[in-house]
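The sequence shown begins at 6 in our numbering and counts up by one. Backbone N, C-alpha and C define an ideal beta-carbon position, used for all residues, glycine too. See structure below.
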Amino acid sequence: MMTKEYISYISAAIFVLYGLLAAKWIFIGLGLILVFVGLADRLQSKK
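Put into structure tokens, the structure is as follows:
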């Protein structure tokens, strides 16, 4: 089963790839935010 962390990483990858291909900086920014959300979920789950 996919956890929230992995869904964040997959969404981030999609946003960053689209942002790079379409040269849209907002999607690259959204992808980076989702990476940080995934990292925060990982750190919270380890506690």
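In this model, residue 21 and residue 28 are separated by some 10 Å (Cα to Cα). A direct Cα-Cα distance of roughly 25 Å separates residue 47 from residue 31. Taking the Cα positions, residue 11 is about 7 Å away from residue 43.
A direct Cα-to-Cα measurement between residue 37 and residue 45 gives close to 12 Å.
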